[in-house]
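Presented below is the structure to which this report refers.
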Amino acid sequence: MTGTILCVAEKPAIAKAVASHMSGGAFQLSNIPGNKYVKNYQFTFNFGGRWGQCSVTMTSVLGHLTETEFGSHHRAWASCPPEDLFDAPVYESVAKDKVSIAQNIAVQARSCRALFIWTDCDREGEHIGTEVRKQALEGNPRLEVKRAKFSNTERAHVLQAARQPIELDERQANAVAARIELDLRIGAAFTRLQTLQLQTLLSSLTDKVISYGSCQFPTMGFIVDRYFRVKNFKPETFWLIKVIHVRDDIKVNFSWRRVHLFDRAVVTIMLERCLAAKKARVTKVNERPTSKWRPLPLTTVELQMMGSKYLRMTGQDIMKTAESLYTKGFISYPRTETDQFDKAIDLKKLVEKQVPDGSWGQYARGLLDGNFRTPRSGRHNDQAHPPIHPIAWVSPTALNASEKKVYEFVVRRFLACCSEDAKGKTTEVEIQYGEEMFQAKGLIVLEKNYLEVYVYEKWESSQQLPVFQLGEEFEPTEAKINEGKTTPPNYLTEPELIALMDANGIGTDATMADHVAKIKDREYVGTRTRGSGRSAVTEFIPTSLGVALYEGYNNIVSAIPGCPSLSKPFLRKEMEQRMREICAGTKTRREVIHESLERYQEVFYLTKSRIEILKAACQKYMLGS
DNA sequence: GCAAGGTC
201 MTGTILCVAE KPAIAKAVAS HMSGGAFQLS NIPGNKYVKN YQFTFNFGGR
251 WGQCSVTMTS VLGHLTETEF GSHHRAWASC PPEDLFDAPV YESVAKDKVS
301 IAQNIAVQAR SCRALFIWTD CDREGEHIGT EVRKQALEGN PRLEVKRAKF
351 SNTERAHVLQ AARQPIELDE RQANAVAARI ELDLRIGAAF TRLQTLQLQT
401 LLSSLTDKVI SYGSCQFPTM GFIVDRYFRV KNFKPETFWL IKVIHVRDDI
451 KVNFSWRRVH LFDRAVVTIM LERCLAAKKA RVTKVNERPT SKWRPLPLTT
501 VELQMMGSKY LRMTGQDIMK TAESLYTKGF ISYPRTETDQ FDKAIDLKKL
551 VEKQVPDGSW GQYARGLLDG NFRTPRSGRH NDQAHPPIHP IAWVSPTALN
601 ASEKKVYEFV VRRFLACCSE DAKGKTTEVE IQYGEEMFQA KGLIVLEKNY
651 LEVYVYEKWE SSQQLPVFQL GEEFEPTEAK INEGKTTPPN YLTEPELIAL
701 MDANGIGTDA TMADHVAKIK DREYVGTRTR GSGRSAVTEF IPTSLGVALY
751 EGYNNIVSAI PGCPSLSKPF LRKEMEQRMR EICAGTKTRR EVIHESLERY
801 QEVFYLTKSR IEILKAACQK YMLGS
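Under this note's numbering, think of the first position of the first sequence as 201, with each following residue one higher.
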């Protein structure tokens, strides 16, 4: 035996899974003083190569160990002008509630020859790895430090990762360090500025914190943006030609290729030309197989979007529920960007676990009996976690109402991924009538396949079209003008908001729901229900404070070309891009912090000198509220 | 009394 190796994972669940695989189940478990979640696992493992047979102590942290804060001179709000926070010194220290975890690592490191870091293989994981390394080296400065590269906790994959350790990615860790410092400085500076300025303006704001965050504000911005589009909407009248033809007792509605026009006179002339031509000619008859694709493997963003659409839960509730299902071992890790399954995962074995279920067990059986298909692969892979999938079957009686809903969704989605696409047939008839083109479509669903188990999506046969021959001419039963009005867009719903955040790089899969909850808590936005019963959806409406902040910041920068508003996602996107440059090695942490601070400082001083504009917006919308 | 990101 050649010494002991200390292994540290990002969370207890990973430590447990990895320890189980490496030890073959034969480990000694011990608690650590001061924390009930973190455990130490002791066993032996043959790493092969230069490491050989070693004792192993496997433990974990609970996410980040440290926090970054201003020094005591700058902590009180009145201690300095807010702009000082852009260059006041910041200090990194072990968070109070993590001290015992940090000590455990330092103590264990003393008797070890090497440290293997098993944090998630994503950006934050690399940074957490450097935090772990620092603690371990404090216990034992001679420690050799390696990093395990793994993207799931499948047995063979874990063993392979243990035997071929690599190095921490310092660049990714540096990118995160830059993000941490920037978020703190910018968030604190703007929050203090606007809170102190606006609190004294209106009595309704006296004891409110009016926080600014590079994710909070753009999230609020999406909601206000939509609100103004709804509010400023002017309906317009349009006209269209509708052609109806009855054949074999089937009434066929042909829709106009131009959809509609906004000039009644023009549409009238076009209809007259159609009627003058008397006969319509069939220019296209198309009958072809069609399919509705089964869904992609489940990511966090998709879970939240689908969940708030179909399960009537908020993104935050869905995530909380998914986390509890995960800690109980029923589903895989719920925070993932990956929408492709690794080949090494035995999907059929996971399908088999669902056979006992009363609702979808039969369907799972069918997959095993020959209906199984390899899931489609999406284009995302975070290299840290597999798509969300069920790990074990659980009786519905063992779950509460929310857990039941989320678990059922995860299972049905998984089974749908492993199924055949739905199959159908579309018929398309195109006619020329006068100078105008019209079209009718019919759909027959032939095989529902995945839709049998994925009950959230609908795909139904439409009315069947009668037979039309290519080139035939007929006189339509009726042709007339219909009038309509354009309708305003709806207020933003949660799935739409999550999609916008995702597309604009606002927040991560783990934090999006938190940002939404935060701006509600800050009273920048509220929610209400649109519709009723099964079709009810929750929509977001800004408060007068939200509208005032949005408009105030837009007005502050509007006269300055190239100066983006704080309510738009642009500055955050730019910061994200710079972080990627650190990862690519084209920029350093110092350069990025400097550049990003300059960008935000420009807006800050502009806001400070034009603070009356922000105040005016608050007075405009909030007086009397 | 400030952020966003991990995780319980």
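The beta carbon of each residue, even a glycine, is placed where N, CA and C say it ideally should be.
For the alpha helix (DSSP H) holding residue i, just list the boundary residues, first then last.
| i | result |
| --- | --- |
| Ile301 | 299-310 |
| His221 | 212-223 |
| Ala388 | 370-399 |
| His274 | 272-275 |
| Phe428 | 416-431 |
| His715 | 712-721 |
| Ser279 | Segment: none, Ser279 is in no alpha helix (DSSP H) and carries neither H nor E. |
Hey, would you say residue i sits closer than 7 angstroms to residue j, going by beta carbons?
| i | j | result |
| --- | --- | --- |
| Ala302 | Glu344 | no |
| Ser661 | Leu646 | no |
| Ser293 | Asn235 | no |
| Ala640 | Phe454 | yes |
| Ser163 | Asn581 | This structure cannot speak to residue 163, because the chain is shown only from 201 to 825. |
| Val424 | Gly746 | yes |
| Tyr691 | Ala748 | no |
| Leu797 | Phe270 | no |
| Ile681 | Trp439 | yes |
| Ser666 | Asp322 | The displayed chain sequence assigns Pro, not Ser, to residue 666. Contact: no. |
| Ala616 | Arg810 | no |
| Asn704 | Pro769 | yes |
| Trp456 | Phe609 | no |
| Phe316 | Lys296 | no |
| Cys818 | Ala375 | no |
| Ile741 | Ile813 | no |
| Gly578 | Asp542 | no |
| Arg464 | Glu635 | no |
| Ser508 | Glu694 | yes |
| Glu723 | Thr627 | no |
Cutting at 8 angstroms between CB atoms, please list the residues of its own chain near residue i, excluding the five before and the five after it.
| i | result |
| --- | --- |
| Thr244 | Met201, Ser223, Gln253, Cys254, Ser255, Val256 |
| Pro148 | There is no way to answer for residue 148, as the model of the chain reaches only from 201 to 825. |
| Ser491 | Asp621, Ala622, Lys623, Gly624 |
| Leu550 | His589, Pro590, Ile591, Phe614 |
| Leu475 | Gly634, Ala679 |
Quick one: give me the first and last residue of the beta strand (DSSP E) that residue i is part of.
| i | result |
| --- | --- |
| Glu776 | Element bounds for Glu776: not the beta strand (DSSP E) but the alpha helix (DSSP H), 770-784. |
| Asn754 | Unbroken run through Asn754 is the alpha helix (DSSP H), 744-758; no beta strand (DSSP E). |
| Cys818 | Here Cys818 belongs to no beta strand (DSSP E); instead the alpha helix (DSSP H) covers 811-822. |
| Met258 | 253-260 |
| Gln562 | Taken as a continuous stretch (DSSP letters only), Gln562 belongs to no beta strand (DSSP E), being part of the alpha helix (DSSP H) at 561-566. |
| Ala209 | 204-209 |
| Pro489 | 480-492 |
| Glu292 | 290-294 |
| Thr244 | 235-246 |
| Glu678 | 678-685 |
| Lys349 | From DSSP, Lys349 is part of no beta strand (DSSP E); its letter is neither H nor E. |
| Phe609 | Per DSSP, Phe609 belongs to no beta strand (DSSP E); it is in the alpha helix (DSSP H), 601-617. |
| Glu630 | 622-633 |
Which residues in the same chain have their Cβ closer than 7 angstroms to the Cβ of residue i, if we skip the five residues on either side of it in sequence?
| i | result |
| --- | --- |
| Glu338 | Ala306 |
| Arg429 | Pro689 |
| Arg573 | Cys618, Ser619, Glu620 |
| Gln335 | Leu265, Ala302, Ile305, Ala306 |
| Leu599 | Tyr607 |
| Ile591 | Gly529, Phe530, Ile531, Ser532 |
| Asn246 | Gly252, Gln253 |
| Gly707 | Cys415, Met701, His715 |
| Arg371 | Ile782, Cys783, Gly785 |
| Arg379 | Met779 |
| Asn571 | Ser619, Glu620 |
Kindly list the residues whose CB is nearer than 6 angstroms to the CB of residue i, restricted to its own chain and excluding five residues on each side of it in sequence; keep chain order.
| i | result |
| --- | --- |
| Leu359 | none |
| Lys685 | Pro435, Thr437 |
| Tyr805 | none |
| Thr711 | none |
| Thr319 | Glu210, Gly325, Ile328, Gly329 |
| Gly413 | Gly387 |
| Thr807 | Ile756 |
For this session: Take every Cβ of the region 656-674, pair it with every Cβ of the region 467-481, and state whether three or more of those distances are shorter than 8 angstroms.
Result: yes
For this session: Taking 8 angstroms as the threshold, find out whether the region 460-472 comes into contact with the region 692-703 through three or more Cβ pairs.
Result: no
Problem set entry | Given 8 angstroms, three or more beta-carbon pairs between the region 273-285 and the region 385-392 | Flag = yes, the region 273-285 and the region 385-392 touch.
Problem set entry | Runs of beta strand (DSSP E) wholly within the region 498-579 (minimum 3 residues, chain order) | Listed in chain order, nothing qualifies, since the region 498-579 has no complete beta strand (DSSP E) run of 3 or more residues.
Exercise. Between the region 350-359 and the region 402-419, do three or more beta carbon pairs fall short of 8 angstroms?
Worked result: no
Exercise. Curious, which full-length beta strand (DSSP E) runs of at least 3 residues does the region 438-467 contain?
Worked result: Those beta strand (DSSP E) runs which fall completely within the region 438-467 and span 3+ residues are 450-456.
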